[in-house]
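Undergrad: Quick one: this structure, given as structure tokens, is what I'll be asking you about.
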Amino acid sequence: MLHIKCPHCGLRSQNEFSYGGDGTVKRPDLNKEVSDKEWDTFVYLRKSPRGKHVELWHHISGCRQWIKVERDTATHEIFKTSKVNEDI
Amino acid sequence: MQKYSVFSLIKNAFKGHKDWEVAWKDPTPKAEYEVIIIGGGGHGLATAYYLAKEHNITNVAIIEKGWIGGGNVGRNTTILRSNYMHDENGMFYEKGMDLWRSMSQDLNFNVMYSPRGIINLAHSDAQMNAYTRRGNSMRLNGIDAVLLGREEVKKLVPMLDFSENVRFPIFGGLMQPSGGTARHDAVAWGYARQADSMGVDIIQHCEVTGFDVANGKIKGIKTSRGNIKAKKIGLCVAGSTSILAEMLNITLPIETHLLQACVSEPIKPILDHVVTFGAGHFYCSQSDKGEMVMGGDLDGYNSYAQRGNLPTLQHVLTEGIAMLPFLSKLKMLRTWGGIMDMSMDGSPIIDKTHIDGLYLNCGWCYGGFKATPVSGWTFAHTIAQDRVHELNAGFSLNRFNTGNLIDEKGLGTKTWIS
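Right, dumping it as structure tokens:
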């Protein structure tokens, strides 16, 4: 069981959260021409590192806020969490 | 190579079983090979075997970080099937079913192939309609499919929960009678033994630490046991593909996720088929030892841990008890996890890459075991001929760029969502 420190609610069990995937993926800028390659990179390509991974989680059974979590994908150690609009 | 038969068994019994040959050798890596396969799992071993058997390429090394049978080939739930709707999947996996049928004879190794039938349960009218459509697609591709009503399912699998007041009543199911199971260790050992006998070097406990690429062409690999040159290199490392791809500066449409499985204590024969729950993600069969073999959802977040988390196991087994209530009386014998490539459309990738001489076999999601023979067969063709076979032409790497996705389940890019 992971224990994730929600920046709004404090330490909660994994059961309250839903995973949102890689948190470093950036959508191509609005109001500009986007190439197929940029869409491909944004929609499909993932680094999927073994080790530190910044990811999004949704505190769906809590405050319902999206948060950022920095976690080790091999050991599941959680290093840091932050609000979604903050740099982690 | 010593042939396995009832006569060799009797002969060796008189000698106290002391004279059996080793099944495969433990060679020191040579300085150069024609082909190197990275990853000594089922797919890598099958690839090396078919390179030797179908294409007469025997100057081949398999480089394995761990040991033969220690990865996903020994961690799956041993299910064989080809009950897919899309043509690319159906034709590919059905070729695999053909290879499964003759595998024990082909490898001179009993892989305990058991075509006991796989039944996907339906729990609504809508699901019966979807299964009708999938069954028809299967039959058009020459794959056996039988739509079962509630009473027919009850005859085949009477211990399912057929009571009236359940949350997900059983409306019927879709059965592929030729689906079933095979013993996964035997598959790995059988391919390893035959590949070795044809001259393939199986090099265990050897970790790949880098690649030698010059002018867009692969030259060799760096390993924990020295540098090895090769004209062609195939990656067959499901679960760890992204790690090797990073060494090559390639980013792939893949995330590594963890899938758990478990077995109960052994009991007398009670389940004759492979049965899957249609209102969630749970599947179950009974092994020849009597254990109930069960699996279901991914843990649901990127993981290289090779061990699972209890909330997911609890969730999966709750579905199991909803489907087969007697499971609640059993003790759990063992649980384990394996890491897998989750591709962005749920289908695999078997293709060439932009690096000349580098070939990619990855993205097997939940379904790598059943594909073991056909994955090796098509990947060997792709490597030997330097072009894809028509059976794996759809599993291209650039389909994510061109939009020709094979989204069998229509899950979008988050195939790990449960």
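Quick note, the sequences are listed as chains C and V, same order.
Per my numbering, the very first residue in the first sequence carries number 1; after that it's consecutive.
Per my numbering, the very first residue in the second sequence carries number 89; after that it's consecutive.
The beta-carbon is built from N, C-alpha and C at its ideal position, and this holds for glycine as well.
DSSP puts Thr344 of chain V in a beta bridge; with which residues?
TA: Answer is V:Asp429.
Undergrad: Using beta carbons (cut-off 7 Å, strictly below), is Val25 of chain C in contact with chain V?
TA: It does not; no Cβ of chain V falls within 7 Å.
Undergrad: Give the range of the beta strand (DSSP E) segment to which Leu386 of chain V is assigned.
TA: Leu386 of chain V -> beta strand (DSSP E) spans Met380 to Asn390.
Undergrad: Pop quiz: Val245 of chain V and Leu359 of chain V are said to be a contact at Cβ under 8 Å. What is the actual Cβ separation, rounded to whole angstroms?
TA: Confirmed, about 7 Å.
Undergrad: Could you tell me the distance, in whole angstroms, from the CA atom of Arg227 of chain V to the CA atom of Ile505 of chain V?
TA: Near 30 Å, if we compare the C-alpha coordinates of Ile505 of chain V and Arg227 of chain V.
Undergrad: Please classify His8 of chain C: is it buried, with 16 or more other beta-carbons within 10 angstroms of its beta-carbon, or exposed?
TA: Exposed.
Undergrad: So which residues on chain V does His53 of chain C lean against when the C-beta distance must stay under 8 Å?
TA: The answer, in chain order, is Asn390.
Undergrad: Is the beta carbon of Asp479 of chain V sitting closer than 7 Å to the one on Thr466 of chain V?
TA: The sequence shown places Leu at residue 479 of chain V, rather than the Asp named in the question. In contact: Leu479 of chain V and Thr466 of chain V (Cβ atoms closer than 7 Å).
Undergrad: Thinking just about the alpha-carbon of each residue, which of V:Pro341, V:Asn144 and V:Phe102 is nearest to the one in Ala472 of chain V?
TA: For Ala472 of chain V, the nearest C-alpha among the options comes from V:Asn144.
Undergrad: Could you list which residues in chain V have their beta carbon closer than 7 Å to that of Thr73 of chain C, in chain order?
TA: Here the neighbours are Asn390, Ser391 and Tyr392.
Undergrad: Let's see if you can read the secondary structure: which residues bound the alpha helix (DSSP H) around Ile331 of chain V?
TA: Note, Ile331 of chain V: alpha helix (DSSP H), Thr329 to Met335.
Undergrad: Starting from the C-beta of Gly20 of chain C, find all residues in its chain whose C-beta is less than 8 Å away, skip the five residues before and the five after it, and write them out in chain order.
TA: Glu55, Leu56, Trp57, His58 and Trp66.
Undergrad: Listing by chain order, which chain V residues have their CB less than 9 Å from the CB of Ser35 of chain C?
TA: Going along chain V, no residue has its Cβ under 9 Å from Ser35 of chain C, so there is no contact; the nearest lies around 11 Å.
Undergrad: Going straight from the alpha carbon of Ile150 of chain V to that of Thr400 of chain V, what length do you get?
TA: Going by the C-alpha atoms only, they are around 34 Å apart.
Undergrad: Quickly, what does DSSP pair Arg46 of chain C with across the bridge? List them, please.
TA: DSSP output for Arg46 of chain C lists V:Leu340 as bridge partner(s).
Undergrad: Are the Cβ atoms of Met191 of chain V and Arg222 of chain V separated by less than 7 Å?
TA: Not a contact, by the Cβ cut-off of 7 Å.
Undergrad: Taking the C-alpha atoms as reference points, what is the distance between Asn171 of chain V and Gln264 of chain V?
TA: Distance between the alpha carbons of Asn171 of chain V and Gln264 of chain V is about 7 Å.
Undergrad: Between the alpha carbons of Ala214 of chain V and Gly366 of chain V, how many angstroms are there, rounded?
TA: Ala214 of chain V and Gly366 of chain V: Cα-Cα distance of roughly 12 Å.
Undergrad: Determine the burial state of Lys320 of chain V: buried for a count of at least 16 other Cβ atoms within 10 Å of its Cβ, exposed for fewer.
TA: So Lys320 of chain V ends up on the buried side.
Undergrad: Whose C-alpha, out of V:Ser484, V:Thr269 and V:Tyr389, is nearest the C-alpha of Val363 of chain V?
TA: Comparing Cα positions, the closest option is V:Thr269.
Undergrad: Taking Ile206 of chain V as the reference, give the member of V:Ser463, V:Lys458, V:Cys453 and V:Leu386 with the closest Cα.
TA: Nearest C-alpha to Ile206 of chain V: V:Lys458.
Undergrad: Measure the C-alpha to C-alpha separation of Leu485 of chain V and Lys440 of chain V and round it to an integer number of angstroms.
TA: If you take the alpha carbons of Leu485 of chain V and Lys440 of chain V, they lie about 8 Å apart.
Undergrad: When you compare each of V:Lys419, V:Leu323 and V:Gly230 to Gly178 of chain V by their alpha carbons, which one comes out closest?
TA: It is V:Gly230 whose Cα lies nearest to the Cα of Gly178 of chain V.
Undergrad: At what residues does the beta strand (DSSP E) containing Tyr201 of chain V begin and finish?
TA: Unbroken run through Tyr201 of chain V: none, as it is neither H nor E.
Undergrad: Report the residue ranges of all alpha helix (DSSP H) runs contained in full by the stretch 235-263 of chain V; include only those spanning at least 4 residues, in chain order.
TA: Entirely contained in the stretch 235-263 of chain V, the alpha helix (DSSP H) runs reaching 4 residues are, in chain order, 238-244.
Undergrad: According to DSSP, is Thr400 of chain V helix, strand or coil?
TA: Three-state DSSP puts Thr400 of chain V in a helix.
Undergrad: Answer with buried or exposed for Arg64 of chain C, where buried requires no fewer than 16 other C-beta atoms within 10 angstroms of its C-beta.
TA: Classification for Arg64 of chain C: exposed.
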